[in-house]
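Here's the structure, in structure tokens; my notes come after.
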Amino acid sequence: MLFRSKRFSKTSADDIVIDISEDAGIRKLHFGGDDTQSAMRISNPTELVLSYSRCVFGSLLFADAPRDMLLIGLGGGSIAKWVHEFLPETKQTVVELHQQVINVARSMFYLPEDDERLSVLAADGAAHVYGMPLESTDFIVMDAYSATGIAPPLATAEFFQACCDRLREGGVLAVNLWGSDKRFAQYCDLISAVFGSRILLLPARQKGNVIAFGFKRALNNPKWAELTDRAAELEARYPLEFREFVSDLARMNPHNDRRLFI
């Protein structure tokens with residue numbers, strides 16, 4: 001079955017068309033086309049159905065669970081719901097440009113109401129970052145990719161530098177990218193330049209998403225054995241395939257048989 005929610009706001013600048021489909025117990029959110037922006041298993045709303053959303057938390061291989069987190073781009077709220085459920089010590093702020101998307105995430109995708117650990121704002125993501133105090137968060141996730149790519153204000157050296165400056169020591173930026181985008185290498189080069197080449201790429205096993213991680217501090221070329229041990233510990237705590245993340249890191253990053261070079 002297919003539901004359609006058309007324009008919410010009165011101004012054309014805020015116009016967005018949202019399609020919601022359901023099949024085999026999976027509800028999906030689409031922005032006016034066939035591309036799936038978010039997916040939810042109705043019987044298990046906090047499960048991360050799309051593999052790219054699980055890859056975002058590959059950051060936990062290298063950093064502790066964040067005290068504070070910023071998510072730019074809400075979609076159906078999959079990432080926000082997972083954090084709210086499985087990272088109880090994390091306080092997260094979510095910035096979504098369209099109020100209509102927030103409304104649909106809450107009415108159709110079971111996004112919780114705001115509380116002491118979750119604040120969802122209808123605002124511009126870039127403007128929000130520029131307005132944050134320096135070194136005020138541990139984890140920034142940019143999930144603002146659309147069929148036309150990353151919005152230009154979110155794809156500049158200045159913006160990535162602003163993200164880096166807002167991260168505390170040991171903080172991580174995670175950016176959802178599309179591997180076949182003609183600007184993919186450009187985006188990676190910008191992140192790498194800002195973060196002093198401290199970048200890792202984690203390809204998702206579904207479709208062509210790639211999560212680019214920028215690290216505020218050096219990781220000192222961790223050994224594969226250490227990462228595998230860390231992955232096993234994380235899998236005992238969280239329902240994610242961390243050992244697969246470790247093996248997939250070898251696909252797109254410099255390494256040898258003993259170490260990952262970062």
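The opening position of the sequence shown corresponds to residue 1 in full-length UniProt numbering, with each subsequent residue numbered one higher.
Glycine included, every Cβ here is placed at the ideal spot set by N, Cα and C.
Query: Within the continuous beta strand (DSSP E) that includes Arg27, where are the two ends?; Result: 26-30
Query: Does DSSP put Ser51 in a helix, in a strand, or in coil?; Result: helix
Query: Quick one, are the C-beta atoms of Leu167 and Gly125 less than 8 Å apart?; Result: no
Query: Is the closest heavy atom of the ligand GTP to the C-beta of Phe139 under 7 Å?; Result: What this structure holds is no ligand at all, so the ligand GTP is not there to describe.
Query: Looking at the secondary structure, which residues open and close the alpha helix (DSSP H) in which Arg129 lies?; Result: A small correction: the amino acid at residue 129 is Val; Arg does not occupy that position in the sequence shown. Element bounds for Val129: 125-131.
Query: Could you spell out where the beta strand (DSSP E) holding Glu22 opens and where it closes?; Result: 18-23
Query: Is the CB-CB distance between Pro222 and Met252 below 8 Å?; Result: no
Query: Under 8 Å, with one C-beta from each stretch per pair, do the segment 77-95 and the segment 116-135 reach the 3-pair mark?; Result: yes
Query: For the structure I just gave you, are there three or more beta carbon pairs, one from the segment 130-140 and one from the segment 98-110, closer than 8 Å?; Result: no
Query: For Lys28, which residues in the same chain have their Cβ closer than 6 Å to its Cβ, ignoring the five residues on either side in sequence?; Result: Ser21, Thr36, Ala39
Query: Are Asn256 and Asn209 touching if we call contact CB-CB under 8 Å?; Result: no
Query: Can the beta-carbon of Leu74 be found closer than 8 Å to that of Ile102?; Result: yes
Query: For the candidate residues Ile199, Gly196, Trp178, whose alpha-carbon lies nearest to that of Lys207?; Result: Trp178
Query: Can you tell me where the beta strand (DSSP E) with Asp68 in it begins and where it stops?; Result: 68-72
Query: Contact between the segment 185-194 and the segment 235-244 is defined here as three or more beta-carbon pairs at a separation below 8 Å; is this criterion met?; Result: no
Query: Answer with buried or exposed for Gln92, where buried requires no fewer than 16 other C-beta atoms within 10 angstroms of its C-beta.; Result: buried
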